[in-house]
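The structure appears right after this line, and notes come after that.
Protein chains: 2
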Amino acid sequence: MSQDGSGVDLETSVGYLLKEASSALRLAMEEVLRPFGMTVTHYACLELLAQRPGSSNSELARGAFVTRQSMNVLLQALEQDGYVTRAKEAPVGKALPTRLTSRGRRSLEMASAAVRSVEMRMMAGLTETERSNVAGILRSMVRSLRQSDDTP
Amino acid sequence: MSQDGSGVDLETSVGYLLKEASSALRLAMEEVLRPFGMTVTHYACLELLAQRPGSSNSELARGAFVTRQSMNVLLQALEQDGYVTRAKEAPVGKALPTRLTSRGRRSLEMASAAVRSVEMRMMAGLTETERSNVAGILRSMVRSLRQSDDTP
DNA sequence: TGTTGTATGTCAGAAGACTGACATGAGCAG
DNA sequence: CTGCTCATGTCAGTCTTCTGACATACAACA
Chain A
217 MSQDGSGVDL ETSVGYLLKE ASSALRLAME EVLRPFGMTV THYACLELLA QRPGSSNSEL
277 ARGAFVTRQS MNVLLQALEQ DGYVTRAKEA PVGKALPTRL TSRGRRSLEM ASAAVRSVEM
337 RMMAGLTETE RSNVAGILRS MVRSLRQSDD TP
Chain B
217 MSQDGSGVDL ETSVGYLLKE ASSALRLAME EVLRPFGMTV THYACLELLA QRPGSSNSEL
277 ARGAFVTRQS MNVLLQALEQ DGYVTRAKEA PVGKALPTRL TSRGRRSLEM ASAAVRSVEM
337 RMMAGLTETE RSNVAGILRS MVRSLRQSDD TP
């Protein structure tokens, strides 16, 4: 409708659509997490800790797709507010294992239900075949994008 | 592998995979745009203006998935650097039509080629059927997510 | 006419994330 | 053992984006 060969047609560009989808997802998640006073990264951190207890700051940062500096700031706040506990000494290296407190677990439980409802809504408009393909497609794109990304 | 019913399994969660994919795309785009001294939002703004000349600040903001306040800051910088021109008076309402300068067009041309190469790489790992399905899937997810999002 | 609602541009302050930098600890080659 | 590399934690400063707020402009309507 708007392209003649050069340039990127935003209407059909998968990159643009991907950005749009992630933006919509982010908005929807922020909306359901707001009642809990929780940001998306905040929630991601707790969810990661629930599935991988004892993760280090750097591991959590990678899992939440932020820098370890950003995750560090968040972890300090979460510890101060009693959602997580961090080992005072590193059992090995410098990595300090982090774990959820019972308060963190309770908080996560509610948030997780809210987030699940968003994901359900997101998948609701897809056909059965689409639903079974989407994960593989996204994983393939990630793999391709990282091809010559971390090999400079 | 890690879930028993409650919680969100990050390994298979489409929401998480979507976030991961958009993060990878963002990183890859930042990498190819850095040589041009251009951020992703910066590029998105120019690309939007190329396809929809005369767009207003608010229209550009919606197209780039940021707030109009953020886009306003960017536009002021772009105008000062000579990439765009903004009408001094609104022909109708308050919206100030914005257009690319020749410098902006030249700058976009190079950036656009770089971004296209990233998108090509992203699609490279997909099968023919996946390639023809991905746009529809993303659009469906966006539509579902916005269902009761802007109807509070 | 004037009132109400919606959309826009813009300023100011706050929050979140990033880059840069430094020190520490582990692993490995020599 | 020593030097090198890599990963980690953390502090500091900066940047980008967001939220909040206000004024303006048009449209719809009583």
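Those protein sequences? They're chains A and B, same order as listed. Using our numbering, the letters of the first sequence correspond one by one to residues 217 to 368. Using our numbering, the letters of the second sequence correspond one by one to residues 217 to 368. Backbone N, C-alpha and C define an ideal beta-carbon position, used for all residues, glycine too.
Residue-level contact to chain A via CB, residue i, 9 Å cutoff
i                 : result
GLN285 of chain B : no
ARG319 of chain B : no
ARG315 of chain B : no
LEU276 of chain B : no
LEU324 of chain B : yes
GLY223 of chain B : yes
GLU346 of chain B : yes
Endpoints, the beta strand (DSSP E) within which residue i is located
i                 : result
VAL300 of chain B : 300–302
Local conformation of residue i per DSSP, three classes
i                 : result
LEU249 of chain A : helix
ARG175 of chain A : Here chain A comprises residues numbered 217 to 368, so residue 175 of chain A is not present and cannot be evaluated.
ARG332 of chain A : helix
SER356 of chain B : helix
SER229 of chain A : coil
THR255 of chain B : coil
VAL308 of chain A : coil
LEU265 of chain A : helix
LEU342 of chain B : coil
SER348 of chain A : helix
SER238 of chain B : helix
ARG322 of chain B : helix
SER222 of chain A : coil
CB contact below 9 Å: residue i versus chain B
i                 : result
PHE281 of chain A : yes
GLU263 of chain A : yes
ASN273 of chain A : no
THR255 of chain A : no
ALA340 of chain A : yes
SER218 of chain A : Because the pLDDT at SER218 of chain A is just 42, under 50, the model does not fix this residue reliably, and the point stays unresolved.
VAL308 of chain A : no
GLU305 of chain A : no
ALA311 of chain A : no
Endpoints, the alpha helix (DSSP H) within which residue i is located
i                 : result
GLY270 of chain B : Unbroken run through GLY270 of chain B: none, as it is neither H nor E.
ARG371 of chain B : Residue 371 of chain B cannot be examined here, being either before or after the span of chain B that is shown, 217 to 368.
Q: Select from the stretch 289–301 of chain B all residues with a C-beta closer than 8 Å to any C-beta belonging to chain A, and list them in chain order.
A: none
Q.
By the 7 Å beta-carbon criterion, what residues does the stretch 349–361 of chain A contribute toward chain B?
A. ASN349, VAL350, ALA351, ILE353, LEU354, ARG355, SER356, MET357, VAL358, ARG359, SER360 and LEU361
Q: Note down, in chain order, all residues in the stretch 230–249 of chain B with a beta-carbon under 9 Å from any beta-carbon belonging to chain A.
A: VAL230, GLY231, TYR232, LEU233, LEU234, LYS235, GLU236, ALA237, SER238, SER239, ALA240, LEU241, ARG242, LEU243, ALA244, MET245 and GLU247
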